[in-house]
Structures are given as structure tokens and as C-alpha cells.
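For the record, the sequence lines run as chains A and B.
Count along the first sequence from 1, then add 1; that gives the number in our numbering.
Count along the second sequence from 1, then add 285; that gives the number in our numbering.
Glycine included, every Cβ here is placed at the ideal spot set by N, Cα and C.
Here the structure is a predicted model, which is why all the values come from computation and not from measurement.
Worksheet: one structure, shown below.
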Amino acid sequence: MRKLKSTLVSKILCNTRAIFRILIWILVLWIGILVQTEGVEARLYIDITAPSMRRISIAIPDFKYLGNKSERPGLSSKLPGIISNDCDLSGYFRPLDKGSFIEGPNSGITRDSIRFKDWSVIGAELLLKGGYECIGQQLKVVVRLFDVFSGKQLYGKRALGSVDRARYLMHRLGNDIILTLTGHPGPFLTKMAFVGTSTGHKEIYISDYDGHNLKQITRYNTITLSPGWSPLGDRMIYTSFRSSSTVLFMHDVVKGLVNKISDRKGLNIAAAWKPNGKELALTLTISGNPDIFLIDITGKILKRLTKNWGIDVSPTFSPDGKRMAFVSNRSGSPQIYVLDLITNQIERLTFEGNYNTSPAWSKLDRIAFAGSSDGNLDIYTISPDGKDLHRVTQDQGNNEDPCWSPDGRYIAFSSNRTGGNYHIFIANANGQNQRQVTFFGRGDQLSPSWAQHSE
Amino acid sequence: MKRNLIIATLVVFACSSVFLLSSCAKKQVVSEEKEITAPPKVVVKVEEEKPPAVEVAKEVKEEEEKVIKKAEEARVEKLKEVEIAKKKVAEEKVWEDRRGIRFEAEPVYFDFDKSFIRSEYRPVLREKAGFLKDNPNVRARIEGNCDERGTNEYNLALGERRSESAKNFLLSLGISPDRIETISYGEERPLAVGHNEDSWAQNRRDDFVIMKK
Chain A
2 MRKLKSTLVS
12 KILCNTRAIF
22 RILIWILVLW
32 IGILVQTEGV
42 EARLYIDITA
52 PSMRRISIAI
62 PDFKYLGNKS
72 ERPGLSSKLP
82 GIISNDCDLS
92 GYFRPLDKGS
102 FIEGPNSGIT
112 RDSIRFKDWS
122 VIGAELLLKG
132 GYECIGQQLK
142 VVVRLFDVFS
152 GKQLYGKRAL
162 GSVDRARYLM
172 HRLGNDIILT
182 LTGHPGPFLT
192 KMAFVGTSTG
202 HKEIYISDYD
212 GHNLKQITRY
222 NTITLSPGWS
232 PLGDRMIYTS
242 FRSSSTVLFM
252 HDVVKGLVNK
262 ISDRKGLNIA
272 AAWKPNGKEL
282 ALTLTISGNP
292 DIFLIDITGK
302 ILKRLTKNWG
312 IDVSPTFSPD
322 GKRMAFVSNR
332 SGSPQIYVLD
342 LITNQIERLT
352 FEGNYNTSPA
362 WSKLDRIAFA
372 GSSDGNLDIY
382 TISPDGKDLH
392 RVTQDQGNNE
402 DPCWSPDGRY
412 IAFSSNRTGG
422 NYHIFIANAN
432 GQNQRQVTFF
442 GRGDQLSPSW
452 AQHSE
Chain B
286 MKRNLIIATL
296 VVFACSSVFL
306 LSSCAKKQVV
316 SEEKEITAPP
326 KVVVKVEEEK
336 PPAVEVAKEV
346 KEEEEKVIKK
356 AEEARVEKLK
366 EVEIAKKKVA
376 EEKVWEDRRG
386 IRFEAEPVYF
396 DFDKSFIRSE
406 YRPVLREKAG
416 FLKDNPNVRA
426 RIEGNCDERG
436 TNEYNLALGE
446 RRSESAKNFL
456 LSLGISPDRI
466 ETISYGEERP
476 LAVGHNEDSW
486 AQNRRDDFVI
496 MKK
């Protein structure tokens with residue numbers, strides 16, 4: 002029944018999307034030049050390649066109800082709240098406090114009905130106005146982004162969807178706004194997986210990138226570790242303890258099916274996807290020593306990748322799949338090495354500090370890792386050639402298990418900086434704008450993995 | 286078992302010797318009676334001659350009693366021995382149990398980020414090997430653990446190496462590899478939950494668990 006409903010909804014959504022696409026084309030044709038020229042101009046607003054970014058102050062007042070009689074008044078602040086949180090987490094904006102707004106209640110959401118002086122005087126550079134209407138279970142939203150100084154409209158869009166998917170709808174609009182201002186889509190339609198300990202066991206949880214829509218997906222009542230989304234975001238691998246060993250599982254999150262991939266004697270841990278989504282690297286001890294092997298997704302060993310007396314663990318692949326970074330203690334302490342999978346050459350990547358682990362290779366070719374120099378673990382990033390070491394966290398407790406957003410523009414990690422428990426934080430790739438995204442009352446949240454929504 | 290067999294044979298021997306002796310005496314009496322019954326008048330004589338027969342019987346009885354007494358003494362002796370042996374076995378069992386408890390209660394500790402056996406833990410492992418040798422039915426599991434510092438994944442590998450290095454030490458002392466199982470819990474099962482060197486030192490350890498066959 003629910004499925005039927007959802008397919009119906011998606012059908013309606015598709016249809017309405019098609020209609021909207023036509024409408025938007027008409028809109029584009031109508032104010033096409035305006036949008037286009039402003040689009041070009043808009044790219045100047047935020048240069049995301051800059052080493053340091055100034056956050057643009059944005060005002061997002063409550064959305065107006067556009068229908069005749071007000072329905073679901075709660076959405077009036079909830080909808081802009083979602084987009085405001087997105088703007089804040091993106092690191093590109095500084096949403097202004099609603100308490101400072103001086104605009105009267107009868108102002109509209111069109112350019113002509115806005116007194117931009119009311120916004121410039123409180124320091125807003127951008128103004129996001131929105132309205133909504135409910136038709137049964139359907140939600141109609143319109144948002145418009147204005148440059149407060151020039152009074153120009155930079156972006157305008159209508160969107161339609163079911164009310165219970167309001168978050169998704171707002172994330173889509175948010176992504177669009179980021180695309181308009183930076184030339185790259187925002188990270189808001191992504192999801193997170195992590196290890197949570199609130200039940201007293203270590204289990205795997207998934208949520209939206211912002212910590213909402215939380216679901217516990219394992220109930221093994223043991224220790225389950227190292228979740229890793231597939232490149233398409235449809236499956237997940239993790240290692241779970243069974244009575245006498247660790248076992249690598251693959252969990253089809255869409256279908257809810259779980260397969261045992263590797264339960265060889267000893268360790269079956271720290272698995273990582275190759276970007277092609279067809280192979281995995283993991284650490285096994287079948288040779289009597291923790292070494293990294295390449296296996297296919299059925300668990301068959303394709304190749305032994307490392308052969309060394311020491312510990313080799315925590316592999317991560319370059320975006321082209323031709324190189325692999327991993328942790329080894331072959332020099333006496335854990336350090337990060339890069340293996341060229343074509344020439345089989347191994348080079349040491351990290352030399353500073355006596356404890357460097359958890360490498361994660363981004364789509365933009367940076368390697369994040371957790372390193373220790375003063376007792377605490379902190380997040381660093383480095384270029385794969387060993388140059389340009391950059392410290393992401395400092396003097397804020399322990400910071401571990403970094404991973405990248407699918408586009409490589411954000412880092413997630415777990416930190417106990419709030420005192421006591423570990424929570425998941427996200428930050429811009431350069432380390433700016435560190436924000437907590439999981440707020441469980443009980444237990445730790447650890448080992449994040451970040452992926453695109455598979456839908 | 287052997288002891289029991291010896292006791293049993295001794296008891297059987299004693300019983301049979303008593304039986305043999307007593308049956309011999311009876312035969313003698315019967316043959317005398319036969320001689321006597323030939324002249325019916327010598328009944329009195331027979332009566333007179335009875336005392337010697339009784340004397341013989343007395344002698345036999347004395348001898349018989351001696352044997353019984355001896356056998357009884359032997360039996361009591363054996364009983365004592367058995368009881369002592371039993372007690373000894375029980376004491377040994379307590380001792381073995383105590384060794385078993387020690388086997389499980391004494392972990393081997395490690396240096397930070399290291400998996401070699403520190404010299405002060407070699408005697409501990411030798412004692413464990415001794416226990417395993419004296420108890421061939423016992424199988425053991427070595428559980429490697431780490432302190433909380435570092436990553437789960439690296440610590441799982443480090444814990445595995447710690448359990449393996451204790452296993453290898455036991456193998457070098459002649460313990461068969463199929464009697465020892467290893468598992469790493471990495472940093473997942475700390476004994477002490479503090480965030481300081483005292484706690485960490487307690488958590489960098491191999492635990493030893495006896496697995497009943």
C-alpha cells in the first residue's frame with residue numbers, strides 16, 4: 002500500500018516535474034537573459050576554490066502562505082529552517098538571526114514588494130524569500146534569492162512534492178542555490194552512515210547528511226565497525242564480530258539484504274570500495290600477518306596488494322582507482338603510504354608526527370587522515386605527492402576517522418570536543434566552518450561514511 | 286586404576302587361600318571319620334580321638350584367622366593408600382584448578398603500539414605453557430586488546446599481532462597450534478575506562494581463556 006502510494010506520488014511528481022520543467026523553460030525564456038546574466042554574475046559571489054572564504058550573510062525570513070486559508074502553519078518556519086541550516090552547514094553563508102529582522106508582516110515575496118533597505122540596514126547581503134501552499138498531501142514551494150544591494154533576483158524556482166518529503170524538497174532547492182552561486186551543486190542531497198553506541202552495542206546507523214532521517218540498520222548486538230557506502234550509495238560494507246572472528250558483510254540498503262563477503266580465519270577488517278564499485282580492498286590475516294588484499298564483491302581474492310612483516314590496514318583508493326593509500330607500521334610507527342597499483346611502487350606519504358592513520362582519498366585528490374603529535378588525534382589533509390600538509394582540527398579534543406563528501410568539498414569526522422561522547426562533525430575541505438551534525442543523547446557516533454543519495 | 290586392580294587381585298587371592306585351607310581341613314576330618322566308622326564299637330575312642338581332631342581344627346582355625354587378619358590388615362592398608370591417593374588426586378585437582386584460574390587471570394601486557402612479549406612476561410607464558418602441557422584436554426583462546434588511542438582498524442590489527450605473538454611464544458614451548466585460537470578485539474573491550482596511561486597500560490593486553498573441550 003505504502004509502496005503503491007509512493008510510486009503514485011513519484012508518478013505525480015514526475016508528471017508535475019515535467020510540467021514544471023516546461024513552466025521553468027517558459028520562465029527561463031521569459032526572464033532568460035536576466036537569469037543567465039545574473040548566473041554569470043552570481044559565480045563571483047562565492048569562489049569555492051579560494052583557500053579561505055568569507056561567509057556571505059543571508060537573511061531567510063519565514064515563508065509566506067500563498068493559498069487562501071492557512072494550512073500547516075508550522076511549515077512557515079520549518080521550511081526556511083531546513084534551507085537555513087543547509088546554508089549554514091555549507092560554510093558559504095552566515096544566516097542572520099531572525100530576531101534582527103525589521104521587515105513588516107505585509108511585505109511580499111516578489112521583487113517589487115520587498116523594501117531592500119530593510120535588509121541592507123541589518124547587514125544582509127542576500128535575501129531568500131519563499132512561499133508555500135498545501136494541496137492535500139502536496140506541498141508547493143516557491144523560493145527567490147535576491148541581491149540586497151542591487152535588488153536583483155539571482156534565483157527563482159517553484160517546486161512541488163509530498164509534504165512528508167519536505168526536507169528532500171528543500172535540500173534540492175538548497176543544492177540549486179549553491180549551484181547558482183558557485184557553479185557546483187551543494188552537498189545537501191547526501192547521506193551519512195556511522196557507528197552508534199546508544200544501544201550499548203556498536204551498530205550501524207544511516208541518516209541524511211545533516212543528521213536527520215536517522216535509521217538504525219543493524220541489530221547484531223555485538224561490535225560492528227567501519228561502514229563504507231558503495232560509490233553509488235546503494236550498498237554498504239561493514240565488519241561485524243562473530244564468536245571467533247570478524248566478518249565482512251555487504252548490506253543492500255535499498256532491498257534490505259545482507260551478504261557475508263569474507264569470513265576467513267582471523268581478521269576481515271577495514272574494507273574500502275574501489276571507485277568502480279566492483280572490487281574491494283581489505284585487511285586479512287590469512288598469511289599470518291595483517292596484509293591488504295583485493296577481492297571482488299563476492300569475496301573472492303583477486304590479488305594480494307601488500308606483503309610486509311608489519312601491519313597493513315585502512316586502504317583508500319584514488320578517484321581513478323590507480324593508486325591506494327593505506328596505513329603501515331613497517332617503519333616502526335603507523336604512517337600513511339601510497340601504493341601505485343600499476344607499478345607496485347610504495348611511497349611513504351606522512352613524515353610528521355609518530356602516529357598517522359585513517360587515510361581517506363577525496364574526489365578532488367586530497368588525502369585526509371588522523372594524526373597525532375601531542376597525544377590527541379587531529380585531522381589533517383595532504384596532497385597525494387606529500388606536499389601541502391594542512392591541519393584541519395586543533396585543540397578540540399580527539400578528532401578521528403575523516404571521510405569526504407562525495408564531491409570532495411567537505412570533510413566529516415568524529416570528535417569528542419563537546420566533552421565526553423564522540424559526535425559526527427562536518428567542515429569545509431579547508432577546515433573552516435566545523436559543525437556538529439549528530440546529536441544523540443546517549444553514546445558515541447563514530448566512523449562516518451558519506452555518499453550521494455542513491456535515488 | 287592400577288592400584289584398584291592390585292587390591293582386587295590381593296583380595297581375591299586372600300579369599301581363595303582361606304577357602305582352599307578350610308576345604309582341606311574338612312577333607313581330613315571326613316577321611317578320619319571313614320577310618321573310624323569301620324569298627325562301630327570304637328565310638329568312644331572316636332570320641333576320645335575327637336580332641337585331636339578338634340585340635341587340628343583349632344590349628345586350622347588359627348591359621349585361617351591369621352590369614353584373614355592379614356588380609357584384613359592388607360585391605361585396611363590398601364584402603365588407606367587409596368584414600369591417600371584419592372586425597373592427593375583431589376589436592377592435585379585443586380592445584381590444577383588454581384593453575385587454571387591463574388591461566389585465565391594473568392594477562393600479558395604490552396608497550397604502546399608494540400606487540401613483542403616483554404621479558405617480564407616470559408615466565409608468565411612459560412607457566413601457561415606448563416599448564417597446557419599438564420592438561421592436554423584444554424584448549425585456549427588468546428584475546429588481543431589495545432588502548433583507545435589510534436583508530437579501531439589499526440588497533441584491530443595490532444591486537445591480532447599481540448595475540449599471535451603470545452601464541453607463537455607458546456608454540457615455541459611445544460604447544461600444538463591446534464590447541465590455541467586467537468582473536469583481536471582491538472580497542473573494543475577496555476578493562477579500564479580512564480583516559481590516562483594507568484588505564485591504557487591495563488588495556489594493552491592479551492587475555493587467556495580456557496575453552497572446555
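DSSP-derived helix/strand/coil call for A/SER114: The residue given as residue 114 of chain A occupies position 113 in the first sequence. Residue state, collapsed to three classes: helix.
Worksheet entry | Simplified DSSP assignment, three categories, for A/HIS252 | If you number the first sequence from 1, residue 252 of chain A lands on position 251. Looking at A/HIS252 - three-state DSSP - the assignment turns out to be strand.
Is the separation between the beta-carbon of A/TYR239 and that of A/PRO228 shorter than 9 angstroms? As a position in the first sequence, residue 239 of chain A is number 238, starting the count at 1. As a position in the first sequence, residue 228 of chain A is number 227, starting the count at 1. In contact: A/TYR239 and A/PRO228 (Cβ atoms closer than 9 angstroms).
Given that a residue counts as buried once 16 or more other Cβ atoms are within 10 Å of its Cβ, and exposed if not, what is A/ASN277? Walking along the first sequence from the start, residue 277 of chain A turns up at place 276. Taking all protein chains in view, the Cβ of A/ASN277 is surrounded by fewer than 16 other Cβ atoms within 10 Å, so the residue is classified as exposed.
Closer than 8 angstroms is the cut-off here; do at least three beta carbon pairs connect the segment 429 to 443 of chain B with the segment 348 to 363 of chain A?
yes
Self-check item: B/PHE395 to A/PRO449 span [Cα, whole Å]
Solution: For the purposes of this step, residue 395 of chain B is identified with residue 110 of the second sequence, where counting begins at 1. For the purposes of this step, residue 449 of chain A is identified with residue 448 of the first sequence, where counting begins at 1. Going from the Cα of B/PHE395 to the Cα of A/PRO449 covers about 30 angstroms.
Residue range of the alpha helix (DSSP H) that includes B/PHE416
In the second sequence, residue 416 of chain B corresponds to position 131, counting from 1. From DSSP, the alpha helix (DSSP H) with B/PHE416 extends over 407 to 419.
- Task: Closer than 8 angstroms by beta-carbon distance: list the chain A residues that pair up with B/ASP398, in chain order.
- Result: Sequence index remark: in the second sequence, residue 398 of chain B carries index 113 (1-based). Going along chain A in sequence order, the residues near B/ASP398 (Cβ under 8 angstroms) are ASN330, SER334, PRO335 and TYR356.
- Beta-carbon separation of A/ILE61 and A/ILE84 under 9 angstroms? Locating residue 61 of chain A in the first sequence gives position 60, where the first residue counts as 1. Locating residue 84 of chain A in the first sequence gives position 83, where the first residue counts as 1. Yes, Cβ-Cβ distance for A/ILE61 and A/ILE84 is below 9 angstroms.
* **Minimum C-alpha distance to A/ARG159 - residue among A/LEU170, A/SER151 and A/LYS153** => Translated into the one-based positions of the first sequence, residue 159 of chain A becomes position 158. The candidate whose alpha carbon is nearest that of A/ARG159 is A/LEU170.
Answer yes or no: do A/ARG236 and A/VAL248 have a C-beta to C-beta separation smaller than 9 angstroms? If you number the first sequence from 1, residue 236 of chain A lands on position 235. If you number the first sequence from 1, residue 248 of chain A lands on position 247. No. Outside cutoff.
For this session: Check distances from the C-beta atoms of the segment 439 to 463 of chain B to those of chain A and list, in chain order, the residues that come in under 8 angstroms.
Result: TYR439, LEU441, ALA442, LEU443, GLU445, ARG446 and GLU449
Answer yes or no: does any C-beta atom of chain B fall closer than 9 angstroms to that of A/PRO291?
As a position in the first sequence, residue 291 of chain A is number 290, starting the count at 1. Closer than 9 angstroms: yes.
Review point. Would the beta-carbon of A/VAL149 fall within 9 angstroms of that of A/LEU174?
Key: Residue mapping note: residue 149 of chain A aligns to position 148 of the first sequence, counting from 1. Residue mapping note: residue 174 of chain A aligns to position 173 of the first sequence, counting from 1. Not a contact, by the Cβ cut-off of 9 angstroms.
query = Where do the N-terminal and C-terminal ends of the alpha helix (DSSP H) with A/PRO81 fall, by residue?
reply = Position 80 of the first sequence, counted from the first residue, corresponds to residue 81 of chain A. Note, A/PRO81: alpha helix (DSSP H), 76 to 91.
Original post:
Hey, is B/ILE468's beta-carbon within less than 9 angstroms of any beta-carbon in chain A?
Top reply: Numbered from its first residue, the second sequence carries residue 468 of chain B at position 183. Yes - at least one Cβ of chain A is within 9 angstroms of the one on B/ILE468.
Quiz prompt | Contact with chain B by A/LEU268, beta-carbon distance below 9 angstroms | solution = In the first sequence, counting from the first residue as 1, residue 268 of chain A sits at position 267. Yes, A/LEU268 counts as interfacial toward chain B.
Taking only three categories from DSSP, how would you classify B/PRO325? In the second sequence, residue 325 of chain B corresponds to position 40, counting from 1. Interpretation of B/PRO325 is limited by its pLDDT of 49, a score under 50 that renders its predicted location unreliable; no figure is taken from the coordinates.
* Against chain A: residues of the segment 466 to 497 of chain B by CB proximity under 7 angstroms -> Result list: GLU466, ILE468, SER469 and GLU473.
Secondary structure at B/LYS319, three-state DSSP: helix, strand or coil?
Taking the second sequence and counting its residues from 1, one reaches residue 319 of chain B at position 34. The pLDDT assigned to B/LYS319 is 44, lower than 50, so where the model puts this residue is not dependable; a value taken from the coordinates is nonetheless given after this. In this structure, B/LYS319 counts as helix in the three-state DSSP scheme.
- Task: With DSSP collapsed to three states, give me the class of A/MET237.
- Result: Against the first sequence, residue 237 of chain A aligns to sequence position 236. Three-state result, A/MET237: strand.
Worksheet entry | Helix, strand or coil at A/PHE441 according to DSSP, with G and I counted as helix | Within the first sequence, the letter at position 440 stands for residue 441 of chain A. Coil.
- request: Anything in chain B within Cβ reach of A/ILE205, meaning under 9 angstroms, just list it in chain order.
  value: The count along the first sequence starts at 1 and reaches residue 205 of chain A at position 204. Under the 9 angstroms cutoff, chain B gives no residues; its nearest Cβ is about 13 angstroms from A/ILE205.
Check whether the Cβ atoms of B/ARG438 and A/LEU295 sit closer than 9 angstroms, and answer yes or no.
One-based indexing of the second sequence puts residue 438 of chain B at position 153. One-based indexing of the first sequence puts residue 295 of chain A at position 294. Residue identity check: residue 438 of chain B is Glu in the sequence provided, not Arg. No; because the gap between Cβ atoms is not below 9 angstroms, this pair is not in contact.
- prompt: Opposite A/GLN139 in the DSSP bridges: which residues?
  reply: The residue given as residue 139 of chain A occupies position 138 in the first sequence. A/ILE136 and A/SER163.
Rounded to the nearest angstrom, what separates B/GLU428 and B/LEU476 at their Cα positions? Residue mapping note: residue 428 of chain B aligns to position 143 of the second sequence, counting from 1. Residue mapping note: residue 476 of chain B aligns to position 191 of the second sequence, counting from 1. Spanning the two alpha carbons is a distance of roughly 13 angstroms.
If we define contact as Cβ-Cβ less than 9 angstroms, is B/GLY435 a contact residue for chain A? If you number the second sequence from 1, residue 435 of chain B lands on position 150. Yes, B/GLY435 counts as interfacial toward chain A.
Item to check | Nearest-angstrom Cβ-Cβ length linking A/ALA167 and A/SER58, presumed shorter than 8 angstroms | outcome: By 1-based counting over the first sequence, the position of residue 167 of chain A is 166. By 1-based counting over the first sequence, the position of residue 58 of chain A is 57. About 25 angstroms separates the two Cβ atoms, so there is no contact after all.
- Cα-Cα separation, A/ASP297 to A/HIS252: Taking the first sequence and counting its residues from 1, one reaches residue 297 of chain A at position 296. Taking the first sequence and counting its residues from 1, one reaches residue 252 of chain A at position 251. When rounded, the distance between both Cα atoms is 15 angstroms.
So, does the segment 423 to 441 of chain A touch the segment 79 to 96 of chain A, judging by three or more C-beta pairs under 8 angstroms?
yes
Q: Express the C-alpha separation of A/VAL328 and A/SER334 in angstroms, rounding to a whole number.
A: Residue numbering aside, residue 334 of chain A sits at position 333 when the first sequence is read from its first letter. Residue numbering aside, residue 328 of chain A sits at position 327 when the first sequence is read from its first letter. Each residue's Cα considered, the two are about 10 angstroms apart.
message: Considering only DSSP beta bridges, list what A/ASN429 is partnered with.
response: The residue given as residue 429 of chain A occupies position 428 in the first sequence. Paired residues: A/TYR411.
Inset, instruction - Taking B/SER484 as part of the alpha helix (DSSP H), name the residues at either end of that continuous run. - result: As a position in the second sequence, residue 484 of chain B is number 199, starting the count at 1. That run of the alpha helix (DSSP H) goes 482 to 488.
Self-check item: Min CB distance A/LEU1 to chain B below 9 angstroms
Solution: This structure leaves residue 1 of chain A out entirely; chain A is present only between 2 and 456.
According to the neighbour-count rule (16 or more other Cβ atoms, all chains shown, within 10 Å of its Cβ), is A/ALA194 buried or exposed?
Start at 1 with the first residue of the first sequence, and residue 194 of chain A comes out as number 193. Answer is buried; the Cβ neighbour count reaches 16.
Quick check: is the beta carbon of A/VAL143 nearer than 9 angstroms to any beta carbon in chain B? As a working mapping, residue 143 of chain A is identified with position 142 in the first sequence. No, no contact with chain B.
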